[in-house]
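J.: Residue numbers (this note's numbering): 820 to 975.
All residues carry an ideal CB built from backbone N, CA and C; glycine is no exception.
Computed from a prediction, not measured in an experiment: that's the story for all the values here.
#1: Would you report the Cα separation of residue 838 and residue 882, rounded to the nearest angstrom?
#2: Do residue 948 and residue 936 come within 8 Å of each other at the CB atom, strictly closer than that value?
#3: Using DSSP's beta-bridge definition, name the partner residues of residue 891.
#4: By a C-beta neighbour count over all protein chains shown, 10 Å radius and 16 as the cutoff for buried, is residue 932 buried or exposed?
#5: In terms of alpha-carbon separation, which member of 843, 974, 942 lies closest to residue 914?
#6: For residue 951, I'd like the list of residues in its chain whose CB is within less than 7 Å of its CB, leaving aside the five on either flank, ordered along the chain.
#7: Among residues of its own chain, excluding the 5 on either side of residue 897, which ones have a beta-carbon nearer than 6 Å to its beta-carbon?
#8: If you draw a straight line from the alpha carbon of residue 888 to that of residue 878, how long is it in whole angstroms?
#9: Specify the secondary structure class of residue 912 as computed by DSSP and reduced to three states.
#10: So, for residue 891: in the same chain, excluding its five sequence neighbours on each side, which residues have a beta-carbon less than 7 Å away from its beta-carbon?
#11: Give me whichever residues DSSP pairs with residue 955 in a beta bridge.
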């Protein structure tokens with residue numbers, strides 16, 4: 820749309836301006852008298868924490884510092900919850916006995932296979948025993964570490 824400078828634009832509508840002006844007059848009228856309640860004016864109101872259902876984030880109270888001067892103290896509800904607990908710290912024990920037995924069993928099997936390899940004279944049986952020994956060593960290397968112990972420990 821192009822506009823020409825110096826022309827009269829009185830035929831354009833001013834609906835928006837009229838709406839804004841009428842709203843302003845209505846609000847101004849509400850402030851002057853409560854008879855004309857067409858637009859509600861928002862007001863602040865107090866809602867207690869009991870009605871709102873929200874727990875307070877913290878409680879402030881007046882108290883005294885070590886010198887006897889007035890001081891605002893903050894009671895943290897999270898700390899109060901921790902203190903109001905059972906009073907005893909929970910004890911957690913981790914039992915790795917089953918894993919340790921399993922590892923000891925593999926070590927013992929490895930020792931026996933090594934002894935059998937040294938005592939065996941037949942080369943086919945030696946190769947079979949060496950395969951078994953390699954499998955046991957691989958399994959032992961997987962299980963004989965802290966990560967495996969933690970994953971398979973019994974926590975109570």
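T.: This is what the structure gives:
#1: On the chain shown, residue 838 is found 19 positions in, with the first residue counted as 1. On the chain shown, residue 882 is found 63 positions in, with the first residue counted as 1. So the two alpha carbons sit approximately 55 Å from each other.
#2: Here residue 936 is taken as the residue at index 117 of the chain shown, counted from 1. Here residue 948 is taken as the residue at index 129 of the chain shown, counted from 1. Contact: yes.
#3: Here residue 891 is taken as the residue at index 72 of the chain shown, counted from 1. Note: residue 891 sits in a beta bridge opposite 881.
#4: The residue labelled residue 932 in the question sits at position 113 within the chain shown. Buried, since its Cβ has 16 or more Cβ neighbours within 10 Å.
#5: Taking the chain shown and counting its residues from 1, the one referred to as residue 914 is at position 95. Among 843, 974, 942, the Cα nearest to that of residue 914 is on 974.
#6: What you label residue 951 is simply residue 132 of the chain shown in a count that begins at 1. Excluding positions up to five away in sequence, the list reads 932.
#7: Counting from 1 along the chain shown, the entry for residue 897 is found at position 78. No residues qualify anywhere along the chain.
#8: Within the chain shown, residue 888 is the residue found at index 69, counting from 1. Within the chain shown, residue 878 is the residue found at index 59, counting from 1. If I take the Cα positions, the gap works out to 20 Å.
#9: Along the chain shown, read from residue 1 onward, the residue named residue 912 stands at position 93. Residue state for residue 912 is assigned as coil, using DSSP reduced to three classes.
#10: Sequence index remark: in the chain shown, residue 891 carries index 72 (1-based). Once the five neighbours on either side are set aside, the close Cβ partners of residue 891 are 879, 881.
#11: The sequence position of residue 955 within the chain shown is 136, counting from 1. BP columns for residue 955 are empty, so no partner.
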